[in-house]
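Chemist: Line by line, the protein sequences are chains A and B. Be aware that the first sequence starts at 1, since it is given in full-length UniProt numbering, and climbs by one per residue. Be aware that the second sequence starts at 1, since it is given in full-length UniProt numbering, and climbs by one per residue. Below is the structure I would like to discuss, written out as structure tokens.
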Amino acid sequence: MSGTFVGMPAFPEAAREAVGNATLRGNLRHATHTIRAKRARAVAELSDWAELREAGRRIKDHTLRHLDRYLEQLEESVTAAGGTVHWAADAEEANRIVTDLVRATGESEVVKVKSMATQEIGLNEALEAAGIRAYETDLAELIVQLGKDRPSHILVPAIHRNRGEIRDIFTEEMGTWGRPAPEGLTDTPAELAEAARLHLREKFLRAKVGISGANFMVAETGTLVVVESEGNGRMCLTLPETLISVVGIEKVVPSWRDLEVFLQTLPRSSTAERMNPYTSMWTGTTDGDGPSTFHLVLLDNGRTDTLADTVGRQALRCIRCSACLNVCPVYERAGGHAYGSVYPGPIGAILSPQLRGTASEIDASLPYASSLCGACYEVCPVAIDIPEVLVHLRERVAEGGPAVRQGNRVLLKPAKGHAAERAAVRAARWALAHPAALRTGQRLASRTRRLHPRTLPGPGRAWTGTRDLPPVPAEPFRDWWQRTHGGKDTSK
Amino acid sequence: MRVALFLTCVNDTLYPDTGRAVVKLLTRLGVDVDFPMAQTCCGQAHYNTGYRHETEPLARHFSDVFGGYEAIVTPSGSCAAMVRELYPRMGERARAEGRGDSLARTLAPVVPKTYELTEFLVDVLGVTDVGAWFPHKVTYHPTCHGLRGLGLGDRPRRLLEAVKGLELVELPGAEECCGFGGTFALKNADVSAAMGADKVRAAESTGAQVLCAADNSCLMHIGGTMSRLRTAMRPVHIAEILASTEEEPAV
């Protein structure tokens, strides 16, 4: 994924700073709780939500099972409609394809529709290295780009910023990218939006090349779909002469009928709207209307490997609504940056270690960035059992095991730093398989209870830093039971 | 009716009062309780930390100990969810790994017979008024595995509402996780502590004297936070409230 996240520390370390930042926690709490309540209301309006959720799950699972077939059909349809399809195995290849396509137009700047796929591959940075300037046109992406920042939420990338911070970013940075912010800009939402509108307008009208992702690709017709709220996407998709769309291979659906389900569940889950304000659909090219050249770059970048994992593949159902982020108590405290990826929150914690592998410190720590409370699974509109996948990936980190990497079957070794834990788990398992040993341990703990320290050394310090331990009772239950009920000691 | 009490390793070692309360309560309701001494642990902590293969012997042991009983009752939503939800999944995974049906067959008998305490009272015994007396202001925290894993719904609340003298007050943000999450509390201590502190503040805002839940692990985390923050509120397991009577009140 994006080079900007290489060398991130493990999640607990990255989260520590966010937990201590009161402004950030306040911004996040306010934003996630507002959207969470709105989403619940929007979902409750539909009497058939459970059926829609199940239908979405089935469509996605069916498509993933026959992904090869639908992708070939998509390629045929897009080509027949006048588009050109490119296949990219990884981020590097995708960036090279896009860079070459932009160069071929002779242009040195492009306008962009908000796209997770292009963020995942670090396209803006790759274009910049090739001397091409990419302008983000989504309001929140613009804030992140101007602020030389990283996105911290899938849907609301600048969720961690408040109005005052945004005003300062606009005032200081807009001028270096194009039309400066108006004099005396205040932090009222209307004024901020107007400043962004004026700044972006000149870019829309000048741009010859547009770059987008897509929410869906329809195999039967070769149609791509982008849903958005601001209308900037439609400008980028219709005004330029050349349109390049970079889309993950899992975004294909078989037919137009399938969209019916997702165009209901996606907006309600993400922005709590009954319908998103702009739904743009484009099929190849049409003379005299829209871009005259259309390229579709189909991105793998770890998706085929993920598909090979029977438990983990359900992550590919994700429609990027971000409902799981908004209900996650861990995301709410740790913030999006701590996840070290453009995919933060619960979905990021299962997607990133699958797309990138678990070799790095951050990726090995992500499966543990959850209390397994299950709120994410409950809200997921395509029923991804995120806790199940988290535990499955923990197993890969702790015990190692079979996986597919770049198409090859490999046997992964346990991640570094788990040897002591593994030994402790084995010892505990042994004691717990021998009731007499457990009993001896309990009695020992009870007899020495007056000597127990208030704070613990080693890994236990993580507990006693902020919480008091309960006192060990004078007598474990099983001793009381035997004393009072004469229970026969069947311990072996 | 004769049931086996699966107390859980945490309760056995650290919270024997909860075990004594379950025995007292079920006996009062005419249930014959047995405590199989060979019981240890369901293996949830191992499983959720990523050690599925280390969990299998513990699950087999659980089945050996409890397989013969008509019903298995446990005062822990979390451990009940482990047996009911995750044992079948472990069996499936073993099969998918080409290890046959042995694990699934061994675990099958205990899966449908394992009940969380409040579920057992309401669904099996068909009671909501258990004749309890607890004259305190109480707020209830539905723990995640009980709420979303087992789907306990309003069963605990209905039981609490029927307790004489008890004033039940709503906990703001009740359905939000307290931040315990087993080894999560150690592996992500900062986030866990922040979640715990928020839960304690929400509980304090109710003016309740007691925070009640159906899982001592979550209560250990919340209670440990209360103690550190010097909160004038105590954590109490729901079994201890339901066992409390005018003749023998819970402390």
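The C-beta atom is built at its ideal place from N, Cα and C for all residues, glycine as well.
What are the start and end residues of the alpha helix (DSSP H) that includes A:His392?
Modeler: Ile386 to Glu399
Chemist: Assuming B:Phe6 and B:Thr74 make a contact with CB atoms under 8 Å, what is their CB distance in whole Å?
Modeler: 4 Å
Chemist: Taking B:Arg95 as the query, report the chain A residues whose CB atoms sit under 8 Å from its CB, ordered along the chain.
Modeler: Residues of chain A with a Cβ closer than 8 Å to the Cβ of B:Arg95 do not exist; the shortest Cβ-Cβ separation is about 12 Å.
Chemist: So what's A:Leu127 in DSSP terms, helix, strand or just coil?
Modeler: Helix at A:Leu127.
Chemist: Determine, for A:Val382, whether the minimum Cβ-Cβ distance to residues of chain B falls below 8 Å.
Modeler: Chain B, which has no Cβ nearer than 8 Å to the Cβ of A:Val382, makes this no.
Chemist: So B:Glu119 and B:Leu150 are in contact, right, with Cβ under 8 Å, and what is the actual spacing, rounded?
Modeler: 7 Å
Chemist: Alpha carbon to alpha carbon, what distance is there between A:Arg133 and A:Ser108?
Modeler: 6 Å
Chemist: Alpha carbon to alpha carbon, how far is A:Val342 from A:Ser370? Give it in angstroms, no decimals.
Modeler: For A:Ser370 and A:Val342, the distance between alpha carbons rounds to 18 Å.
Chemist: Curious, which full-length beta strand (DSSP E) runs of at least 3 residues does the stretch 20-49 of chain B contain?
Modeler: 32-34
Chemist: Where do the ends of the beta strand (DSSP E) carrying B:Lys137 lie?
Modeler: Lys137 to Tyr140
Chemist: Using a Cβ-Cβ distance cut-off of 8 Å, determine whether B:Lys187 contacts chain A.
Modeler: yes
Chemist: Please classify A:Val246 as buried or exposed, where buried requires at least 16 other C-beta atoms within 10 Å of its C-beta.
Modeler: buried
Chemist: Look at B:Val65 and B:Ala38 and say whether their C-beta atoms are less than 8 Å apart.
Modeler: Less than 8 Å separates the beta-carbon of B:Val65 from that of B:Ala38.
Chemist: If you drop the 5 nearest sequence neighbours on each side, which residues of the same chain put their C-beta closer than 7 Å to that of A:Lys492?
Modeler: Bear in mind that the predicted position of A:Lys492 carries a pLDDT of just 39, short of 50, making it unreliable; the figure below should be weighed with that in mind. Within the same chain, A:Lys492 has close Cβ partners His434, Pro435 and Ala436.
Chemist: Counting only beta-carbon separations shorter than 8 Å, does B:His61 have a partner in chain A?
Modeler: yes
Chemist: Rounded C-beta distance between A:Ala117 and A:Gly222? I'm assuming under 8 Å.
Modeler: That pair is no contact at about 18 Å.
Chemist: Are there 16 or more other CB atoms within 10 angstroms of the CB of A:Trp430, so buried, or fewer, so exposed?
Modeler: Exposed.
Chemist: What does A:Trp481 touch in chain B if you count any residue whose Cβ is under 7 Å from its own?
Modeler: Phe35
Chemist: Taking only beta-carbon positions, decide if B:Tyr51 is within less than 8 Å of chain A.
Modeler: yes
Chemist: Determine the contact status of A:Val227 and A:Leu266, defining contact as a CB-CB distance below 8 Å.
Modeler: In this structure, A:Leu266 lies closer than 8 Å to A:Val227 by Cβ.
Chemist: What runs of the beta strand (DSSP E), each 3 residues or longer, lie entirely inside the UniProt domain "Cysteine-rich" (138-222) of chain B?
Modeler: Taking only runs of at least 3 residues, the beta strand (DSSP E) segments lying wholly in the UniProt domain "Cysteine-rich" (138-222) of chain B are 167-169 and 210-213.
Chemist: Is the Cβ of A:Val389 closer than 8 Å to any Cβ of chain B?
Modeler: For A:Val389, the closest Cβ of chain B is not nearer than 8 Å.
Chemist: Check whether the Cβ atoms of A:His86 and A:Val297 sit closer than 8 Å, and answer yes or no.
Modeler: yes
Chemist: By Cβ distance below 8 Å, which residues in the same chain neighbour A:Pro473 in space, the five residues on each side in sequence not counted?
Modeler: Ser446 and Arg449
Chemist: Quick one: what's got a C-beta closer than 8 Å to A:Gly3's C-beta in the same chain, skipping five residues either side?
Modeler: Unreliable positioning characterises A:Gly3 in this predicted model, as indicated by a pLDDT of 40, which lies under 50. The coordinate reading is nonetheless provided below. In chain order, Gly122 and Glu125 place their CB closer than 8 Å to the CB of A:Gly3, counting only its own chain and leaving out the 5 sequence neighbours on each side.
Chemist: Which residue from A:Ala196, A:Ala190 and A:Leu155 puts its Cα closest to that of A:Ile169?
Modeler: A:Ala196
Chemist: Going along the chain, which unbroken runs of the beta strand (DSSP E) with 3 or more residues stay wholly within the stretch 38-118 of chain B?
Modeler: 71-74 and 114-116
Chemist: Within 8 Å of any Cβ in chain A, is that where the Cβ of B:Pro112 sits?
Modeler: no
Chemist: Can you find a C-beta in chain B that's less than 8 Å from the C-beta of A:Gly457?
Modeler: Checking the sequence, you will find Pro at residue 457 of chain A rather than Gly. No, A:Pro457 does not count as interfacial toward chain B.
Chemist: Measuring straight from C-alpha to C-alpha, what distance separates A:Pro476 and A:Ser365?
Modeler: Just so you know, the alpha carbons of A:Pro476 and A:Ser365 end up roughly 35 Å apart.
Chemist: Using only CA atoms, which one of A:His30, A:Gly465 and A:Ala104 lies nearest to B:Leu229?
Modeler: A:Gly465
Chemist: Cβ atoms of B:His141 and B:Val210: under 8 Å apart, would you say?
Modeler: no
Chemist: Whose CA, out of B:Ser78, B:Leu219 and B:Gly67, lies closest to the CA of A:Arg467?
Modeler: B:Leu219
Chemist: Taking CB distances under 8 Å as the criterion, tell me whether A:Val404 reaches chain B.
Modeler: Any Cβ of chain B closer than 8 Å to the Cβ of A:Val404 would place that residue at the interface, and such an atom is absent.
Chemist: Let's test the definition: count the other Cβ atoms within 10 Å of the Cβ of A:Val111 and tell me whether it reaches 16, buried, or not, exposed.
Modeler: buried
Chemist: Which same chain residues end up closer than 6 Å to B:Ala94 when comparing Cβ atoms and leaving out the 5 residues on each side of it in sequence?
Modeler: Answer for B:Ala94: Leu103, listed in chain order.
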